[in-house]
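Here the structure comes first, spelled out in structure tokens, and everything after it is commentary.
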Amino acid sequence: MSRISLSRFLIEQQRKNNAIDAELRLSIEVVARACKAINHAIRKGALAGVLGEAGTGNIQGEAQKKLDVIANEVLLDANEWGGHLAAIASEEMEHPHPIPTDYPKGGYLLLFDPLDGSSNIDVNISVGTIFSLLRCPDGVDGTDEKVFLQPGTQQVAAGYTVYGPQTMLVLTLGNGVHGFTLDAEIGSWILTHPNMTVPEETKEFAINMSNMRHWEAPVKRYIDELLAGKEGPRGKDYNMRWVASMVADVHRILTRGGIFTYPRDAREPNKPGKLRLMYEANPMSFIIEQAGGAATNGHQRILDLQPTALHERVAVFLGSKREVEVVTRYHQS
Ligand code: P6P
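Going by the numbering used here, 389 is the number at position 326 of the sequence shown; the sequence numbering is gapless.
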């Protein structure tokens, strides 16, 4: 069977669905190409002196790893000159990044977390790049943060690259979820996981249990029931996984089911959660819904949330639909 490359897949999707125009196709191909360069830097690790702290902090007040900065630079350099974007937003930059005046602007807004889970880098555990694409209204200045503040339902594409035992790019264009494996010998992304789906039922949950004493009552009730196993109200035993790298946890859920939760935390009463809405929760929720799963903040569908700030945070419950429905119902009772 002939191998289908990402480029061929995108061209065939464009033929089927004229909502995918040349600029959107280019946007995805450029991000995919940049992820190959990030993959190369990650796999060199200590041999290239790219591990450890960068000695700088990001807008979130977090210490940046050298690879956070490298990944961000690689994505900016790759996306500035193609004429497909109006502006770029990143977890690592406080304000939207303008397209340099010597290059044309395009009709899309690119948002990314260049290296999610980077605290795992120095201990050699999977990390990832998460990206989201929105339309920029004609004639609007893309560097105005307000133009990015669109609900997740407005995303035209979203994806992530997981730098794990295999390097995989998982993508949705609003018409299913498709996984591509990097053939590093020839530098091609090859379609290996067409039409990925999340099983509605699961026996596996992902949460950072060390925060249990800070959770709200509905979350405590839900997790207690899972821990009670077959003797409890759920009537079955559950297993737990927590990689502390959202991309790795979500990829596992896409592959074999599960629920991923990062609830709000009483230690930060003014913050609705830890994860970022625009470039973590929204792209991952789009992917999970397109794969038949569900994603809420405990109260409403994440994709329906109206953002109020570029770096705003959100509580996240996503994955196998039945489980997300239960924990969301508990927030409403
Ligand atoms: P904790 C990584 O820093 C991240 O943003 C997500 O990738 C991950 O799911 C979460 O935070 C891990 O958080 O509190 O368990 O370290």
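Quick reminder that beta carbons are idealized off the backbone N, C-alpha and C, glycines included. Model, not experiment: these values are computed from the prediction.
Does the region 183 to 191 come within contact of the region 150 to 169, defined as at least 3 CB pairs closer than 8 Å?
Counting Cβ pairs under 8 Å, fewer than three are found: no touch.
Look up residue 144 in the DSSP assignment and give the residues it is bridged to.
Taking the sequence shown and counting its residues from 1, one reaches residue 144 at position 81. Bridge partners of residue 144: none, in fact.
Could you tell me the alpha carbon to alpha carbon distance between residue 334 and residue 377, rounded to whole angstroms?
By 1-based counting over the sequence shown, the position of residue 334 is 271. By 1-based counting over the sequence shown, the position of residue 377 is 314. Spanning the two alpha carbons is a distance of roughly 8 Å.
To the nearest angstrom, how far is the alpha carbon of residue 159 from that of residue 295?
The residue you call residue 159 lines up with position 96 of the sequence shown. The residue you call residue 295 lines up with position 232 of the sequence shown. If I take the Cα positions, the gap works out to 49 Å.
With distances taken from CA atoms, which of 340, 66 and 379 is nearest residue 371?
By one-based count along the sequence shown, residue 371 stands at place 308. Closest by alpha carbon: 340.
Within the continuous alpha helix (DSSP H) that includes residue 164, where are the two ends?
Taking the sequence shown and counting its residues from 1, one reaches residue 164 at position 101. No alpha helix (DSSP H) holds residue 164; DSSP gives it neither H nor E.
Take the Cβ of residue 360 as the centre, count every other Cβ of all protein chains shown within 10 Å, and call the residue buried at 16 or more, exposed below.
The count along the sequence shown starts at 1 and reaches residue 360 at position 297. In summary, residue 360 is buried, with 16 or more beta-carbon neighbours lying within 10 Å of its beta-carbon over all protein chains present.
Have a look at residue 235 and residue 225 and give me their C-alpha separation to the nearest angstrom.
As a working mapping, residue 235 is identified with position 172 in the sequence shown. As a working mapping, residue 225 is identified with position 162 in the sequence shown. In a straight line, the C-alpha of residue 235 is about 15 Å away from that of residue 225.
For residue 124, which option in 337, 351, 388 and 396 has the closest C-alpha, if you only look at C-alpha atoms?
The count along the sequence shown starts at 1 and reaches residue 124 at position 61. The candidate whose alpha carbon is nearest that of residue 124 is 337.
With a CB to CB cut of under 6 Å and the five nearest residues on each side skipped, what residues in its chain are close to residue 157?
The residue given as residue 157 occupies position 94 in the sequence shown. Only 122 meet the Cβ criterion.
Under 7 Å Cβ to Cβ from residue 201, same chain only, skipping five residues before and after it: list those, please.
Counted from its first residue, the sequence shown places residue 201 at position 138. Residues of the same chain with a CB within less than 7 Å of the CB of residue 201, apart from the 5 flanking positions on each side, do not exist.
Express the C-alpha separation of residue 392 and residue 233 in angstroms, rounding to a whole number.
As a working mapping, residue 233 is identified with position 170 in the sequence shown. As a working mapping, residue 392 is identified with position 329 in the sequence shown. If you take the alpha carbons of residue 233 and residue 392, they lie about 30 Å apart.
Measuring CB to CB, does residue 403 end up less than 8 Å from residue 281?
What the structure shows of the chain is the stretch from 64 to 396, and residue 403 is not part of that stretch, so it cannot be assessed.
For a quick check, are the C-beta atoms of residue 67 and residue 114 less than 8 Å apart?
As a working mapping, residue 67 is identified with position 4 in the sequence shown. As a working mapping, residue 114 is identified with position 51 in the sequence shown. When the beta-carbon positions are compared, residue 67 and residue 114 stay at least 8 Å from each other.
Just how far apart, CA to CA, sit residue 252 and residue 246?
Numbered from its first residue, the sequence shown carries residue 252 at position 189. Numbered from its first residue, the sequence shown carries residue 246 at position 183. So the alpha carbons of these two residues sit roughly 6 Å apart.
Any 3 or more C-beta pairs closer than 8 Å across the region 162 to 179 and the region 292 to 306
no
Contact between the region 272 to 289 and the region 254 to 264 is defined here as three or more beta-carbon pairs at a separation below 8 Å; is this criterion met?
no
With 16 as the cutoff for other CB atoms within 10 Å, does residue 187 come out buried or exposed?
Residue numbering aside, residue 187 sits at position 124 when the sequence shown is read from its first letter. Residue 187 should be labelled exposed.
So which of 325, 330, 385 and 199 has the shortest CA-CA distance to residue 352?
By one-based count along the sequence shown, residue 352 stands at place 289. For residue 352, the closest alpha carbon among the candidates 325, 330, 385 and 199 is that of 385.
Quick check on DSSP: helix, strand or coil for residue 342?
Locating residue 342 in the sequence shown gives position 279, counting from the first residue. Of the three classes helix, strand and coil, the one that applies to residue 342 here is helix, per DSSP.
Whose CA, out of 288, 174, 130 and 279, lies closest to the CA of residue 332?
Here residue 332 refers to the residue found at position 269 of the sequence shown. The candidate whose alpha carbon is nearest that of residue 332 is 279.
Quick check on this structure: which residue in 230, 240, 128 and 91 has the alpha carbon closest to the alpha carbon of residue 109?
Counted from its first residue, the sequence shown places residue 109 at position 46. Of 230, 240, 128 and 91, the residue nearest in Cα terms is 128.
Can you tell me whether residue 180 sits near the ligand P6P, meaning its C-beta is under 7 Å from at least one heavy atom of the ligand?
Taking the first residue of the sequence shown as 1, we reach residue 180 at position 117. Within the cutoff, so yes.
Are the beta-carbon atoms of residue 265 and residue 355 separated by less than 8 Å?
One-based indexing of the sequence shown puts residue 265 at position 202. One-based indexing of the sequence shown puts residue 355 at position 292. The answer is no: Cβ separation not under 8 Å.
What does a CB cutoff of less than 7 Å around residue 302 pick up in its chain, not counting 5 residues either side in sequence?
As a working mapping, residue 302 is identified with position 239 in the sequence shown. Hits under 7 Å: 266 and 267.
Residues bridged to residue 233 by DSSP?
Translated into the one-based positions of the sequence shown, residue 233 becomes position 170. The partner list for residue 233 (beta bridge, DSSP) reads 223 and 242.
What first and last residue would you give for the alpha helix (DSSP H) that runs through residue 315?
As a working mapping, residue 315 is identified with position 252 in the sequence shown. Segment 309 to 319, the alpha helix (DSSP H) holding residue 315.
Where residue 172 and residue 316 are concerned, what is the direct C-alpha to C-alpha distance, given to the nearest angstrom?
As a working mapping, residue 172 is identified with position 109 in the sequence shown. As a working mapping, residue 316 is identified with position 253 in the sequence shown. So the alpha carbons of these two residues sit roughly 28 Å apart.
Residue from 368, 182 and 388 whose Cα sits closest to the Cα of residue 323
As a working mapping, residue 323 is identified with position 260 in the sequence shown. Selected option, being the one with the closest Cα: 388.
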